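Chains as they are written, first to last, in this note's numbering: chain A, 8 to 237; chain B, 8 to 237; chain C, 8 to 237.
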Amino acid sequence: MKVNSVRFALVVVGVFGWSMMLPSATQVGLSDKVLVFPYETDFSFVSLIPQKEMGLRAFTLCMRVATELPEDRQIILFAYRTADYDELNVWRESDGRVSFYMSGDGIFFHLPPITTFRTSLCLTWDSRTGLSACWVDGKRSTYQVYKPGHSIRPKGSILLGQDPDKHLGGLEAGQSFVGEMTDLNMWDFVLSRSMIQAWHYGHRVPKGNVFDWGTMEYELNGNVMVVDDD
Amino acid sequence: MKVNSVRFALVVVGVFGWSMMLPSATQVGLSDKVLVFPYETDFSFVSLIPQKEMGLRAFTLCMRVATELPEDRQIILFAYRTADYDELNVWRESDGRVSFYMSGDGIFFHLPPITTFRTSLCLTWDSRTGLSACWVDGKRSTYQVYKPGHSIRPKGSILLGQDPDKHLGGLEAGQSFVGEMTDLNMWDFVLSRSMIQAWHYGHRVPKGNVFDWGTMEYELNGNVMVVDDD
Amino acid sequence: MKVNSVRFALVVVGVFGWSMMLPSATQVGLSDKVLVFPYETDFSFVSLIPQKEMGLRAFTLCMRVATELPEDRQIILFAYRTADYDELNVWRESDGRVSFYMSGDGIFFHLPPITTFRTSLCLTWDSRTGLSACWVDGKRSTYQVYKPGHSIRPKGSILLGQDPDKHLGGLEAGQSFVGEMTDLNMWDFVLSRSMIQAWHYGHRVPKGNVFDWGTMEYELNGNVMVVDDD
């Protein structure tokens, strides 16, 4: 199965004209592009390079995401890891909840299912109060209090598509992301409701100062496609 | 578990600058504020002081509510109790129905689930006819007839977050409210459909003459946060 | 069971005034018409004659479809077969997914259920990239990569209502279509999102150059009714 995927990927390389099996050189900018993770692998991921160090005491993380994976399959949506800690991992859990984990136990949200149609998903967290929430298509979940006083540590690695169990290693196919991701943005503060709704509807909002999809620096690894959004 | 919550709450006190473990002094006014009940406890609640005695022969009770609690968990949404009677208790039952009880057997409504996204919920009852209904996001349930001729007794205590099994005692964590409540209003008459819809959409309606969120007198007990609505 | 259907069909012939048990002569044009497959049979189907040969390296296939069949019943939605291959078969699988198969293993999409209310369904596929998607009521599913480099072979037979397991034979009642189909169109290229949405909303789009419902050449077989759309 894995062997087939590898073989297939090598064929596809020719079709698309860039290597998908070896880390690509750093590329810049994903405006109007979608990342397609077509198969379940333990080697396909996208590394993201943030615009500023990720020592964070608050954040808003937004993305549009769609998947065909079964409802009871764990899915990694975002992984930021330093040497010893999962600093900020976002999951769709096997029970359907969306969760995030900062250096230990996580927090869980009952949201509408993430389906084959695009969901716009934002997470907000503020260390001062611990108030955290998920936003689905511009609607806020109930606030929960999570790790007030905590800080996310800087100088780690950010991956889409895989969950590294150690610093850039220990990938598991059964947790990988399969599907489409686009328009990922991150801010080092909590956006207002009106800003999050503006982002959801594709209106102008302040560009992400941690990640901005339009000017994103990224590296493709394994079998990931960059396709035009339609 | 409970010990941890207490300890955690004491830490949070410092962050917010007001005590959440001892009854706060009476405070006034919750305009643009949300009550967040972040954990399951048997000691966190908010006492409300009505503007007029609650000897009622009709009412409209409205609130906006969101919760992450499981679908099959009993949840107290509003409790008004005199010495010997549950005068008006509103529940989300373990079978998902919304109910209210006045001094004995209750009445039950099949409504869309109360989720992590805010539901606007109103209850109306008129002693003259017994006609009672729930209104979800401005849409009325089927009318049911409940206790025509009955009166709610005055001079009791009103609690959010807990169900007192005796006058301000006998609290159970497994029935407590966890989540967010805002914009609770109560009138001593039945509002028209157009008024209830106006309230749902945040338009101007006659201020509640039993409870008005904007001028509410209340006391915080245990671990309850008052946060800005966004 | 089969005997009863046959008998009934013979009666109906009288009512409608055209033979439904023998292949009808080729007819042309289905503007504002709906095909109704009223019963489960192994003999009712509609043959379609394409405007051009179906040697395809890309396509968009759209139809509007409604059924009362149970959610766990396999349903054939479109069958194009050459002598030895199922060139393009579209199914609602018994697990509820929508799939299509081109000469071998298929590809599967988790979509909202196909119900008694009309669903507008499009499929797109491009051999160059393998990108394939389903569109439900104008919303695109996640892209999946399916058979890049493949070609659909020309000179086969196209059926609605039955799945031939050999060239025009081997029909099974338990896979047949029961319900309504209308507005089937097919193009030999991938329509843009805006075109697919325009088709969904009934606005003007380029006429299908493989099949165009308005000028469709077709033959009715068995018990299939052509009724005015309402």
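Each residue gets a CB set at the ideal place from its N, CA and C atoms; glycine is no exception.
Only a predicted model underlies this, so the values are computations on that prediction, with no experimental measurement involved.
Rounded C-beta distance between A/Val152 and B/Pro45? I'm assuming under 8 Å. 4 Å
Interface residues of the stretch 37–69 of chain B facing chain A [CB-CB below 8 Å]: Val41, Val43, Pro45, Tyr46
Three-state secondary structure (DSSP) at C/Arg200? helix
Between the C-alpha atoms of C/Phe196 and C/Gly62, what's the straight-line distance to the nearest angstrom? 12 Å
Mind checking who B/Met109 pairs with in its DSSP beta bridge? Beta-bridge pairing links B/Met109 to no other residue.
Report the residues of the stretch 192–225 of chain A with a CB closer than 7 Å to any CB of chain B, ordered along the chain. Ser199, Arg200
Given a threshold of 16 other Cβ atoms within 10 Å of its Cβ, counted over all protein chains shown, does B/Val43 qualify as buried or as exposed? buried
Host beta strand (DSSP E) of A/Val186 (start-end): Going by the sequence as given, residue 186 of chain A is Gly instead of Val. Looking at the DSSP string, the run of the beta strand (DSSP E) that includes A/Gly186 is 186–194.
Quick one: Cα of A/Met28 to Cα of C/Ser106, how far? Annotation note: pLDDT 49 at A/Met28 (below 50); position unreliable, no value reported.
Going along chain B, which residues have a C-beta under 8 Å from A/Leu118? Thr123
For a test of the three-state rule: what should DSSP assign to A/Gln169, helix, strand or coil? coil
Apart from the five residues just before and just after B/Phe66, which ones in its own chain have a Cβ nearer than 8 Å to its Cβ? Leu95, Leu130, Thr131, Trp132, Ile159, Met193, Trp194, Asp195, Phe196, Val197, Val217
Can you give the Cα-Cα distance for C/Tyr108 and A/Ser164, rounded to whole angstroms? 40 Å
If we count Cβ pairs, one from each stretch, closer than 8 Å, do we get three or more for the stretch 44–58 of chain A versus the stretch 216–234 of chain A? A contact is defined here as three or more CB-CB pairs under 8 Å, and the stretch 44–58 of chain A meets this definition with respect to the stretch 216–234 of chain A.
Thinking C-alpha only, which one of C/Met232, C/Lys154, C/Val185, C/Arg200 is nearest C/Ser134? C/Lys154
So the candidates are B/Gly36, B/Ala32, B/Ser31; which of them puts its Cα closest to the Cα of B/Met223? B/Gly36
Using three-state DSSP, classify B/Met28 as helix, strand or coil. Here the model assigns B/Met28 a pLDDT of 48, short of 50, so the residue's position is not dependable, and the following value carries that caveat. Note: B/Met28 maps to coil in three-state DSSP.
Once DSSP output is grouped into helix, strand and coil, what is the label at B/Ala86? In this structure, B/Ala86 counts as strand in the three-state DSSP scheme.
For A/Gly186, return the contacting residues in chain C, with the cut-off set at a CB-CB distance below 8 Å. Thr149
Going by DSSP, what residues sit across from B/Glu226 in a beta bridge? B/Ser54
Short check: CB of C/Val97 to CB of C/Met188, under 9 Å? no
Residues in its own chain within less than 8 Å of A/Glu100 by CB, not counting five upstream and five downstream? Gln81, Ser106, Phe115
Three-state secondary structure (DSSP) at B/Val217? coil
A/Thr74 touches chain C at which residues, Cβ-Cβ below 7 Å? Thr149
Quick check on B/Ser199: buried or exposed, where buried means 16 or more other Cβ atoms within 10 Å of its Cβ? exposed
Going along chain C, which residues have a C-beta under 8 Å from A/Asp237? Arg147, Ser199, Arg200
Inter-residue spacing [alpha-carbon to alpha-carbon] between A/Arg64 and A/Lys162: C-alpha separation (whole angstroms): 15 Å.
Distance CB(A/Val233)-CB(A/Val41) smaller than 9 Å: yes
For B/Leu68, which of B/Val143, B/Asp172, B/Asp236, B/Tyr92 has the nearest alpha-carbon? B/Val143
Sheet register partners of A/Ser265 (DSSP bridge): Nothing can be reported for residue 265 of chain A, as the shown portion of chain A is limited to 8 through 237.
Hey, A/Tyr145 and A/His210 are a contact pair by Cβ (cut 8 Å); roughly how many whole angstroms apart? Note that residue 145 of chain A corresponds to Gly in the displayed sequence, not to Tyr. The beta carbons of A/Gly145 and A/His210 sit about 11 Å from each other, so the pair does not count as a contact at 8 Å.
What are the boundary residues of the beta strand (DSSP E) that C/Phe44 is part of? 40–44
Per-residue DSSP class, three states only, for A/Gln182: helix
Does the distance from the C-beta atom of B/Glu75 to that of B/Gly186 stay below 9 Å? yes
Roughly how many angstroms separate the alpha carbons of A/Tyr150 and A/Leu128, rounded to a whole number? 15 Å
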